[in-house]
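Beneath this line is the structure, given in structure tokens, with notes to follow.
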Amino acid sequence: MKGDKMGKLGRAKWCLLGCLIVILSLLAGSAFAPYGFTNAVNWVANNDFADKLRGTAEREAVQKDTLIEMVVEHIGISNIDQQPAVILREADGGLYLPILIGPLETNAILVVLEGVEVPRPLTPDLFRSTLDRIGASVDYIVINDLKNYTFYATISVNANWRQMEIDARPSDAIAIALRVSAPVYVEKAVLDKAGIQPGYETDKYFIL
């Protein structure tokens, strides 16, 4: 994951370098025109292409030091109330993060994990198809909070080089991430609070 961060920071530097080249080219070309410098500055500030470059640089430079990558392990059943739970496993460690979900969300996740073909699209399939049609994509999802025994999540969507964070239920976000092969992250504070050790804790609370 450290290498991934360094790679993203490297791409951010190249994007910033591209912005600098655009600015220098405009300044050089505007030297022979009246008000050239002012016009060049205004173009850089307002042009959509320049805005896209800035957006890419800012997005790639975002630090993920507080995020931990997770793997969708499988669906388990709670020993307490027999409710299904999606089990996330820490990619570089041993902690598990169980999240209780409903039957419909369980089905939406299981069909992907087990490679089942469905005759009609489910809600996450509709979301994916919509993003494809408008030229957008999912970069990653984050399980970002836990309040009153309820988990919260966001879906990071890249639409026309613009980054958007969409609030979502973790079950829906996970079902979508599985369909587009997007990384799943959890805030470290959430994993510290709700993560469990494999073995005794998982056997005690969940049927895996």
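The numbering of the sequence shown is the working numbering, which starts it at 11 and goes up by one. No residue lacks a Cβ here, since even glycine has one placed at the ideal position from N, Cα and C.
If you look at Leu110, you'll find it in the beta strand (DSSP E) that goes 106 to 110.
The DSSP-derived three-state label of Ser191 is coil. Residue pairing for Thr164: DSSP places it in a beta bridge opposite Val152, Asp177. A residue is called buried when at least 16 other Cβ atoms come within 10 angstroms of its Cβ; Pro193 meets this threshold and is buried.
Membership of Val81 in the beta strand (DSSP E) is indicated by the continuous run 77 to 88. In the DSSP annotation of this structure, the continuous segment of the beta strand (DSSP E) that includes Val96 starts and ends at 94 to 100. Partner residues in a beta bridge of Ala204, as assigned by DSSP, do not exist.
A contact between stretches requires three or more CB pairs, one per stretch, nearer than 8 angstroms, and the stretch 173 to 188 meets this requirement with the stretch 148 to 159. DSSP places Val128 outside both helix and strand once states are collapsed to three, so it counts as coil. Listed as beta-bridge partners of Val121 by DSSP are no residues whatsoever. Sorting Tyr159, Glu197, Asp177, Thr160 by C-alpha distance to the C-alpha of Val167 places Asp177 at the top.
Closest option to Leu77, judged by alpha-carbon separation, among Gln173, Phe216, Asn117, Asp155: Asp155.
Membership of Asp142 in the alpha helix (DSSP H) is indicated by the continuous run 133 to 143. If you draw a 10 Å sphere on the C-beta of Val200, you find 16 or more other C-beta atoms in it, and that means buried. Under DSSP, Lys157 takes part in a beta bridge, and its partners are Thr160.
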